[in-house]
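For the sequence shown, position 329 (counting from the first letter as 1) is numbered 312 according to my numbering, and the numbering increases by one without interruption.
A virtual CB, placed ideally from N, CA and C, is assigned to each residue, including glycine.
The structure displayed is predicted, hence computed values, not measured ones.
Take a look at the structure below.
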Amino acid sequence: MLMQSRDVVFLFLLIFSCFPDFGYGATDLPQDEMDALGLISKTLGKKWDFTANPCTGESGWLGPSVTENAVNCTCPTNDTFCHVVSIALKGQNLQGVLPPELAKLPYLQQIDLTRNYLSGTIPSEWGSMQLVTISLLGNRITGPIPKELWNISTLTYLNLEANMFFGESGLLLEGIEKLVGIKRILISSNAFSGQLPTKLANLTSLQDFRINDNNFTGRIPGFIMNWTELTRLEIQGTGLHGPIPPEISSLVNLTELRISDINGTATPFPKLDNIKSIRTLILRNCNLTGSIPDYLWKMERLKTLDLSFNKLEGHLPPALSKPKEAVFIYLTSNLLNGPVPEELKKVTNVDLSYNNFTSVSTEHCQDGNLNLFGSPPTVNNLSGAVPCLKNFDCSKSLLSKFYINCGGEEVTVRVNGTRRATFTEDQDSGGASKYVLSRERWAFSSTGNFLDDNSVDSYIYTGKNISGLTMPDSKLYTKARLSPLSLTYYGLCLWNGSYTVNLHFAEIMFADNESYSSLGKRLFDIYIQGKLVWKDFNIEAEAGGTHRAVVRKFTANVTTNTLEIRFYWAGKGTQSFPHRGTYGPLISAISVESDFVPPGNGKKMPTAAVVGIVLSAVSLIFLVLGILWKRGCLGSKSRRDQELRGLDLRTGSFTLRQIKAATDNFNVSNKIGEGGFGSVYKGVLLDGTIIAVKQLSSKSRQGNREFLNEIGMISALQHPNLVKLYGCCIEGKQLLLVYEYMENNSLARALFGKISTVPVATYASSFNMSIK
């Protein structure tokens, strides 16, 4: 906000009046003002040193200062006394109420009680004062707002953001039109309802108007055209609906325009070509149609452009303006098409995910700072969940479950209080526009940057536990994945069918005590497979407090081998606790399990049934072997190869080159077993699947029979207590079996002991091998 000349003069006088050495007046404070400070301190819950005179530079307010701790005076040369003109007690967790005794300070112009824990209502006595600034940001103040407040004709700045005001705005703000000199009104994150009072049109001096996160009704009013001096307008998650009024083109002085999540009919892009100084333009989820106007790309001061979640179409221009500062462009989830301009790769962060671009010059979903996931749209094939994952091969094996420790390291914890599961690491730092693919066949995509946060950690996308408190399975809740706008997780290479999705949450970024750090409110929406399953999800409310874990279950149907879980910030909740930039979706862990028995993993069978099946299969195999032996089919190596290639085995086929690559050319460091028939090696396929490779010894005739025996038996059997046979390799002198890798167990124990749910590593135990 640009300061007016009288504001500059006032600031100059205020600064120098606090240092009596620069003036010639007295430094004593009248006794009635000293007494008033004592009453004020008691009401606020603040300690006061009654022997200290703040006008001499000696602070009377006791206790550590978190943000600011000051009483400032003016000492006019033509007056016998000094007078208190400003009180700023910020970020001190004061737990009293707003003091009516402030009215006993007749020269007081500034009240700043930002980020405390004050309650009660605004005293009507304040209406008799000549205040210029009132800031109550981040307390527990409630209504009603006294009508006397609107009698303060000198008031230019009113900040009631992040409090507990609720009710019809027409009643709460009745009489506000009297504040003809008001420049800034901030009432975000309360519970104002009803339509915006039409008398707000009289406030023609407004420069800053923010009403985010409320419960208003009706359309965005056209009377905003009267606010021609407006430089900042924020209407996010307000309850108001569109369309964006065409009168907005009259606000030529805007530098910040943030409108998001408004319902209403589809409308073309608003006319904004007269707004030359715009730096932040957010028109997200506003049901905009048509193309993006060309003039937008020529605005040299534009730093943040967010047009996500609309229905915009058409091509992007090949050339863009080149601002000196970092630039963020978010166009995710539109209908944009055509080629992706090469110049976009030079921009700091760009999100083009989920569009219809026909020419993507990269084979990856992330190209530097350019997020291209889902552009062009998803296709249904196992060679890749989306085109930019075309090198990601799922054809060899599919999953029926996965576990992610969002934002944290790999941990093993109990699931549902019984069995243990390993949640894989998710410690990538993320970013304003970032797609990350895990080796464990899942991925995430994050969109958005944290606005208004100038701290060092403004680009850290991991939430951290600020209290140090522990809870059950605390390893899952030490850190969490955080996003300012949209965060999507993808489970890849899944069997099609029904799944149970468990989402693990804990609000670890707000304090759990009576302090301003506990006053944050986090709300976001949850989508699964593109369907909204929870609107305005509140972790703290669902868990019954901060630093408490809560798990919510959902059912999802997978039809294209991919599961999508999306968290979206719709403008609701506070944006300034415990500091600016703390908002948006927060997820601690994700666990997904199929509701069906995946192919090759039948239900557990009784031991007797397993033994019967095994014996029957063995008898059948020996019968087949006898017939083959009599017919001379097992004689020479060449005939053996022919017979093996002719078997109708329900297994995959691997090349020797694939096996050598997976085992590092049968490196001895990968050997996990040795027997009379040959060796077993551990390997990793290109898609990350871990396998065990049994290599038949060329010196063993018995090994040949065992090879046939094992292919026939294992390919015929499917049971959770037997490892899965992925396939075989018959090439030259090599006879190789490729198994699912699993820690070894005892076959005898599985058949005649207590059946466990851990598959038996038959590639080792069935040949009495020595295991490393």
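Assigned exposure category for G736 - 16 Cβ within 10 Å defines buried: Indexing the sequence shown from 1 puts residue 736 at position 753. Flag for G736 reads exposed.
Given a threshold of 16 other Cβ atoms within 10 Å of its Cβ, counted over all protein chains shown, does N257 qualify as buried or as exposed? Locating residue 257 in the sequence shown gives position 274, where the first residue counts as 1. N257 is exposed by the Cβ-count criterion.
Hey, would you say L155 sits closer than 8 Å to P129, going by beta carbons? Indexing the sequence shown from 1 puts residue 155 at position 172. Indexing the sequence shown from 1 puts residue 129 at position 146. In this structure, P129 does not lie closer than 8 Å to L155 by Cβ.
F33: buried (16+ other C-beta within 10 angstroms of its C-beta) or exposed? Residue mapping note: residue 33 aligns to position 50 of the sequence shown, counting from 1. Exposed is the call here.
Supposed close pair I275, F252 - CB separation, criterion 8 Å: Walking along the sequence shown from the start, residue 275 turns up at place 292. Walking along the sequence shown from the start, residue 252 turns up at place 269. I275 to F252, Cβ: 7 Å. Contact.
Rounded to the nearest angstrom, how far is the Cβ of S501 from that of T529, given a contact under 8 Å? As a first step, residue 501 is located in the sequence shown; it is residue number 518 there, counting from the start. As a first step, residue 529 is located in the sequence shown; it is residue number 546 there, counting from the start. The pair is a contact, with the Cβ atoms about 7 Å apart (cut-off 8 Å).
Spatial neighbours of R614 within its chain, please: CB distance less than 6 Å, with the 5 preceding and 5 following residues excluded, ordered by chain position. As a working mapping, residue 614 is identified with position 631 in the sequence shown. For R614, the pLDDT reaches just 48, beneath the cut-off of 50, and the residue's location in the model is therefore unreliable, leaving the point undetermined.
Start-end ranges of the beta strand (DSSP E) lying completely within the stretch 229 to 263, minimum 3 residues: 239 to 243
At least three beta-carbon pairs within less than 8 Å, the stretch 167 to 179 to the stretch 526 to 544: no
Chain-order list of residues whose beta-carbon lies under 7 Å from that of A184 (same chain, five-residue window excluded): Reading the sequence shown from its first residue, position 201 is the one you call residue 184. Closer than 7 Å at the Cβ level, and outside the excluded window around A184, lie F206 and N209.
Residue range of the alpha helix (DSSP H) that includes K73: In the sequence shown, residue 73 corresponds to position 90, counting from 1. Premise fails: K73 lies in the beta strand (DSSP E), H66 to K73, not in any alpha helix (DSSP H).
Outcome for I673 when other beta-carbon atoms lying within 10 angstroms are tallied against a minimum of 16: Position 690 of the sequence shown holds residue 673. Exposed: under 16 other Cβ atoms inside 10 Å.
Tell me, please, whether the stretch 311 to 324 touches the stretch 384 to 395 by the rule of three or more beta-carbon pairs shorter than 8 Å. no
At 3 residues or longer, and completely inside the stretch 439 to 514: list those beta strand (DSSP E) runs for me, N to C. 445 to 447, 462 to 465, 469 to 474, 480 to 488 and 507 to 511
Measuring straight from C-alpha to C-alpha, what distance separates L285 and V330? As a position in the sequence shown, residue 285 is number 302, starting the count at 1. As a position in the sequence shown, residue 330 is number 347, starting the count at 1. Computed Cα separation, rounded: 12 Å.
Is it buried or exposed, G715, if we count other Cβ atoms within 10 angstroms and call 16 or more buried? Position 732 of the sequence shown holds residue 715. Label assigned to G715: exposed.
As a quick exercise: from T430, P37 and G446, pick the residue whose alpha carbon is nearest that of F550. Sequence index remark: in the sequence shown, residue 550 carries index 567 (1-based). Comparing Cα-Cα distances from F550 to each of T430, P37 and G446, the minimum goes to T430.
H66 versus Q113 - alpha carbon distance: Here residue 66 corresponds to residue number 83 of the sequence shown, with the count starting at 1. Here residue 113 corresponds to residue number 130 of the sequence shown, with the count starting at 1. In a straight line, the C-alpha of H66 is about 14 Å away from that of Q113.
In the DSSP assignment, what are the bridge partners of A769? The requested residue 769 does not occur in the structure, where the chain is confined to residues -16 to 755.
Taking only the alpha-carbon atoms, compute the straight-line gap between P82 and S498 and give it to the nearest angstrom. Here residue 82 refers to the residue found at position 99 when the sequence shown is read from its first residue. Here residue 498 refers to the residue found at position 515 when the sequence shown is read from its first residue. One C-alpha to the other measures close to 19 Å.
Cβ contact check for the stretch 473 to 480 and the stretch 381 to 389: 3 or more pairs under 8 Å: yes
Where R640 falls: helix, strand or coil (DSSP): The residue you call residue 640 lines up with position 657 of the sequence shown. Correct three-state label for R640: helix.
In this structure, how does DSSP classify G736 when only helix, strand and coil are distinguished? In the sequence shown, counting from the first residue as 1, residue 736 sits at position 753. Coil, per DSSP.
Presumed contact (8 Å Cβ cut-off) between W552 and G564, rounded CB distance: Position 569 of the sequence shown holds residue 552. Position 581 of the sequence shown holds residue 564. Wrong, their Cβ atoms sit about 12 Å apart, outside the cutoff.
Assigned secondary structure, D578 (DSSP; H/G/I helix, E/B strand, else coil): Mapped onto the sequence shown, residue 578 falls at position 595. Three-state DSSP puts D578 in coil, outside helix and strand.
Proximal residues to G201 (C-beta, below 6 Å), its chain only, five neighbours per side dropped: Within the sequence shown, the letter at position 218 stands for residue 201. Closer than 6 Å at the Cβ level, and outside the excluded window around G201, lie Q178.
Count the other CB atoms within 10 Å of the CB of Q14; is the residue buried (16 or more) or exposed (fewer)? As a position in the sequence shown, residue 14 is number 31, starting the count at 1. Exposed is the call here.
Any 3 or more C-beta pairs closer than 8 Å across the stretch 263 to 270 and the stretch 242 to 252: yes
On the DSSP bridge list, what partners appear for Y140? In the sequence shown, residue 140 corresponds to position 157, counting from 1. In the DSSP output, where bridge partners are listed per residue, Y140 has T116 and R167.
For L720, which beta-bridge partners are listed by DSSP? As a working note, residue 720 is residue 737 in the sequence shown. DSSP output for L720 lists K677 and C711 as bridge partner(s).
First and last residue of the uninterrupted beta strand (DSSP E) at L420: The residue given as residue 420 occupies position 437 in the sequence shown. Residues S416 to L420.
Who does D289 pair with in a DSSP beta bridge? Your numbering for residue 289 matches position 306 in the sequence shown. DSSP, once it has assigned bridges, lists I265 and Y313 as partnering D289.
Would K518 be called buried (16 or more neighbouring beta carbons within 10 Å of its own) or exposed? Counting from one through the sequence shown, the residue named residue 518 turns up at place 535. Under this definition K518 is an exposed residue.
Please return the same chain residues whose Cβ sits closer than 6 Å to the Cβ of S469, not counting the five positions on each side in sequence. As a working note, residue 469 is residue 486 in the sequence shown. T430 and Y551.
Relative to the C-alpha of C389, which residue among E51, I522, K458 and V541 is closest? By one-based count along the sequence shown, residue 389 stands at place 406. For the residues E51, I522, K458 and V541, the minimum Cα distance to C389 belongs to K458.
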